[in-house]
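In this note's numbering, the protein residues as written are 34 to 149.
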Amino acid sequence: MAFVPTLGELERAVMETLWSATAPVTARDVQDALAGRDLATTTVLTVLGRLERKGLVTREREGRAHRYRAVASREDHVAELMRDALDAAPDRGAALARFLGSIPENERAALRDLLD
Numbered sequence: 034m035a036f037v038p039t040l041g042e043l044e045r046a047v048m049e050t051l052w053s054a055t056a057p058v059t060a061r062d063v064q065d066a067l068a069g070r071d072l073a074t075t076t077v078l079t080v081l082g083r084l085e086r087k088g089l090v091t092r093e094r095e096g097r098a099h100r101y102r103a104v105a106s107r108e109d110h111v112a113e114l115m116r117d118a119l120d121a122a123p124d125r126g127a128a129l130a131r132f133l134g135s136i137p138e139n140e141r142a143a144l145r146d147l148l149d
């Protein structure tokens with residue numbers, strides 16, 4: 034079973050940008066999307082490289098630049114994190130029961146619908 038890498042705050046912001054994009058993006062596109070953070074292009078490239086090594090991002094060459102995209106959707110990533118958390122629990126049933134007890138009734142109803 035593969036371990037899902039945890040993300041730092043800046044990595045999460047970059048991933049959110051990639052997940053929101055409708056097509057692969059350049060480092061400059063990511064930098065522009067995170068303009069409020071005043072990041073250098075080298076910082077963005079470092080984060081993208083780290084995400085690529087973690088297996089969360091792929092890149093393809095386009096001329097002199099690279100275009101980046103998320104390997105999986107945001108929902109796939111969250112599902113993997115949830116599976117990892119459950120796998121770490123010594124009593125999976127108890128962990129699920131606590132989780133279900135912590136979410137609003139409308140979300141419990143949605144889960145019931147999904148299970149039916």
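Every residue gets a Cβ at the ideal spot worked out from N, C-alpha and C, and that includes glycine.
In this text the structure is predicted, and so the values were computed from the model without any measurement.
Relative to the ligand ATP, is the shortest distance from any of its heavy atoms to the C-beta of residue i smaller than 8 angstroms?
{"i": "G41", "result": "With respect to small molecules bound, the structure shown includes none, and the ligand ATP cannot be examined in it."}
Which word fits residue i, buried or exposed, when buried means at least 16 other C-beta atoms lie within 10 angstroms of its C-beta?
{"i": "V111", "result": "exposed"}
{"i": "A121", "result": "exposed"}
{"i": "L81", "result": "buried"}
{"i": "A60", "result": "buried"}
{"i": "M115", "result": "exposed"}
Please go through the same chain and pick out, in chain order, the residues whose beta-carbon is closer than 8 angstroms to the beta-carbon of residue i, but skip the five residues on each side of it.
{"i": "R141", "result": "L133"}
{"i": "L119", "result": "R125, A128 and L129"}
{"i": "R83", "result": "E44"}
Thinking just about the alpha-carbon of each residue, which of the options is nearest to the one in residue i?
{"i": "T39", "options": "Q64, E113, V77 and D71", "result": "E113"}
Within a Cβ cutoff of 6 angstroms, which residues of the same chain sit near residue i, ignoring the five residues on either side of it in sequence?
{"i": "H99", "result": "R92"}
Which same chain residues, not among the five before or five after residue i, have their C-beta less than 7 angstroms away from its C-beta?
{"i": "P57", "result": "E93, R100, Y101 and R102"}
| said: Quick check for students: name the residue ranges of the beta strand (DSSP E) that lie wholly in the segment 93-140, counting only runs of 3 or more. | reply: 98-103
Is it true that the segment 42-51 meets the segment 83-92, where meeting means three or more beta-carbon pairs spaced less than 8 angstroms apart? yes
| query | Counting Cβ pairs closer than 8 angstroms, one from the segment 49-64 and one from the segment 94-113, do we hit at least three? | reply | yes
Threshold first: 4 residues or longer. Then list the alpha helix (DSSP H) segments lying entirely within the segment 42-68, N to C. 42-53 and 60-66
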